[in-house]
Amino acid sequence: MRSLPLLLLLLHGSFVFAQESSLVLPGKLLHPQMDIGVYTGFYEDCSGDTLPLSVIRQQQFRPFAEKRNERASFSDRSIMVTWLRFTIRNSHSTDTLRLFYDVWAHMDILTYAGEQPINRGGIRSSIGISGQGQRRGQFRFKTQLVIPPLSQQTYYVRVIDYVLSATPILCNLYSPQASLENNYEGLAADYPLVVVMSLLLGSLLFMNLYALYSFLLTRDSAFLYYVFYTACSCLAVFHGMDMRFGLGWLTPYYPILNLYFPGPLHPSLITTFYGLFIISVLDVRLVAPTLHWLLKALLCLLVLQEGMAIIESFVGQPMIIDNTIYLYGIVPAGLTTLILIWIVFRSKSPIRAYLLIGMFSLFSLTLIPILINPKPEYLPLFLQRFAHFVPFLMALGLSIEAFCFALALAYRGRLTELENRRIQERYAQDLEAQIAERSAEIEAQSRLLEAQHIRQLETDFEQKLADTEMTALRAQMNPHFIFNCLNSIKFYTLENDADKASHYLTKFSRLIRLVLENSRSELVPLKNELEALQLYIELEAMRFKQKVQFSISIAPRIDQRFICIPPLLLQPYVENAIWHGLMHKKTGGKVTVDVSQPRENLLHIEITDDGVGRDRASELKSKSAGMHKSFGMQITADRIRIINQLYNIQTKAQVVDLVDSFGEPCGTKVILDIPV
């Protein structure tokens, strides 16, 4: 009985000592769980985790109750290093004190027993992507404390968080049994979260594979951006699951520096790809050209932000000490989302409803909870696990958004299909109209070709007929020359003038040879025609006892060798001038032939005589005149008509009566315009 007061005195002394410096326990924890915050001091290392433990031991620790609540407020430093110190003494003489110490979930937890590290845990399992640094210990968040009988141990715990703390720093002790039960309860409470996160991850993966298959089929850039968007979302969600449930699949290779944005694949890259997706499906360049440039600038900023995050993952800690840039690092992504929402809202795209629902879901479930830092303590415990786990909210928002985007792509594809169908129908109608029009054109062309063929046959027939008629006319012209010349030879023979008859016969033979040569061709050189004409006039001058004079004048620039005219075209007019103009004039007269070329394609010939004129010749009613008019001139007129028809030209012949100053007839002029 005397030992009972001594035991009460010992227990009272232990509690008094604990309030001052250390916690005294008799070989075991008196309760399954105990908060030892009143026995704990804290020190905030502002050097950025650069001070060794030997220096930390010399610092002044303050009461734990004065420490800020990491969940309720933000630090102004991106690297938050908090040291905890507490002392536990085992007062039992034989029992070893075994406890589990828990500070809750933080990025890096390193526990020292005296100067020796006994456990390293936390969300991160290594420092930097390279894997350099101390590996994680046996326990992730809890540290096992072992204190021999009648001994005392001082513990130092270094807790590191970056940018934001998902949970406040606690100081809880658990008995081994209570720790086991707590772990089991935690796993049981996490089971719904695991199932829901797995479903969300599976849905994102399914939509990613669907979009990838669609891209391989269509090569549409919108599907490609959607593939990258959902792939980054899958990695971010899976990284969050790996962090939350301690799977150890990704975290050892991609350490987490920010609990809200797990891994380098944080909202910067996700926002970049879904921004490119919306720009592609809405053609923002045309819908909002000004905002398009702003979006491009924001997307470049997001890419730089992502590059900085990757570098920090290699380094193992934030590169900038000032936490402001990290606390507001979500602003570019949020601003990009708001601009995209505004563009989609103002657009008249039929898929804008799907896009708006998706973006509002992501914005409300991911960005707003981060910015306002909600405290859902009023919710049931299992729901608090969902509400406190920001990666779940992000996964839910991403899944809803990705699903809405998939619906938008499907509806867009349906609209494209309907539009293609309408285009095909219009194309078929246009094609039918074109076929009908083409058929009508073909029928019209067929009728036209048939008519042209008939006209061609008629033209060929008329040309052959004209050729035949021309040949007949030339055949008629040749006997006419021969008839006149033979009469002249007969005349000289009757007068017994052998020399003149011989001279006349020589010229006649030359003329006959030229006439025969020229009559075989449709066109002859001007030189040949004028040579034959000169021979004819010389013969006629001999017949009329030199009463006929003549001159042939040719413009110097005319090349007589290459300009061709129909044969025997000029001779009938010269013959008519001699027989109708000069034969009734006692003193004779002169025939003048002037050849000029006023234009390159026109030959101008004037045949002028100073005879009695056509009216006087008609009064005399010469017998020879009547014969020549009805035979030579009529043949020439017919030849000109046929030549115009045959060669489709306009050869013109004009006869002008010349008068003197007293109004008396003084000759005749024939004007010929021959196209060459």
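In my numbering, each residue carries its 1-based index in the sequence shown increased by 458. No residue lacks a Cβ here, since even glycine has one placed at the ideal position from N, Cα and C.
| Asked | Found |
| --- | --- |
| At least 3 beta-carbon pairs within less than 8 Å: the region 797 to 813 vs the region 773 to 784 | no |
| Proximity below 7 Å, CB of residue 1061 to CB of residue 1132 | yes |
| N- and C-terminal bounds of the beta strand (DSSP E) containing residue 1067 | 1060 to 1067 |
| N-terminal and C-terminal residue of the alpha helix (DSSP H) that residue 666 is part of | 634 to 676 |
| Contact check, residue 519 vs residue 506, beta carbons under 7 Å | no |
| Rounded straight-line distance, which links the Cα of residue 599 to that of residue 632 | 13 Å |
| Residue burial classification, residue 707 (beta-carbon count within 10 angstroms, cutoff 16) | exposed |
| In chain order, each alpha helix (DSSP H) run of at least 4 residues that lies wholly inside the region 822 to 905 | 826 to 830 and 839 to 846 |
| Beta-carbon contacts of residue 521 that lie in its chain and below 7 Å, excluding the five residues immediately before and after | 499 |
| Bridge partner(s) assigned by DSSP for residue 575 | 570 |
| Nearest neighbour of residue 526, chosen from 514, 513, 571 and 540 [CA to CA] | 540 |
| The alpha helix (DSSP H) enclosing residue 543, as first and last residue numbers | Unbroken run through residue 543 is the beta strand (DSSP E), 537 to 548; no alpha helix (DSSP H). |
| Opening and closing residue of the beta strand (DSSP E) in which residue 560 lies | 555 to 560 |
| Where residue 782 sits in the DSSP three-state scheme | helix |
| Buried versus exposed, by CB contacts within 10 Å (16 or more), residue 878 | exposed |
| C-beta atoms of residue 626 and residue 551 nearer than 7 Å | no |
| Contact set for residue 1098: own chain, Cβ-Cβ below 7 Å, skip 5 residues either direction | 1109 and 1111 |
| Reduced DSSP secondary structure (H/G/I, E/B, other) of residue 1044 | coil |
| Sheet register partners of residue 1016 (DSSP bridge) | According to DSSP, residue 1016 bridges with nothing at all. |
| Integer-rounded CB distance, given that residue 741 should sit under 8 Å from residue 630 | Wrong, their Cβ atoms sit about 57 Å apart, outside the cutoff. |
| Under the three-state DSSP convention, the category residue 701 falls into | helix |
| Under 7 Å between C-beta atoms of residue 662 and residue 692 | yes |
| Residues that residue 616 bridges to, as DSSP identifies them | 541 and 568 |
| Stretch pair the region 807 to 822 + the region 607 to 624: three plus CB contacts closer than 8 Å | no |
| Residue range of the beta strand (DSSP E) that includes residue 605 | 600 to 605 |
| Three-state secondary structure assigned by DSSP to residue 777 | coil |
| Where the alpha helix (DSSP H) through residue 1077 begins and ends | 1072 to 1078 |
| Nearest residue (CA-CA) to residue 1005, options 739, 1069, 793 and 863 | 1069 |
| Beta-carbon gap between residue 496 and residue 547 smaller than 7 Å | no |
| Residues bridged to residue 521 [DSSP beta-bridge criterion] | 499 |
| Start-to-end residues for the beta strand (DSSP E) that takes in residue 1111 | 1110 to 1117 |
| Span separating the alpha-carbon of residue 682 from that of residue 855 | 21 Å |
| Residue from 655, 1019 and 751 with nearest C-alpha to residue 798 | 751 |
| Whole-angstrom C-beta distance between residue 984 and residue 940, which should lie under 8 Å | Incorrect: roughly 24 Å between the Cβ atoms, too far for contact. |
| Proximity winner among 657, 993, 688 and 989, relative to residue 727 (alpha-carbon distances) | 688 |
| Residue range of the unbroken alpha helix (DSSP H) whose run includes residue 1029 | 1029 to 1034 |
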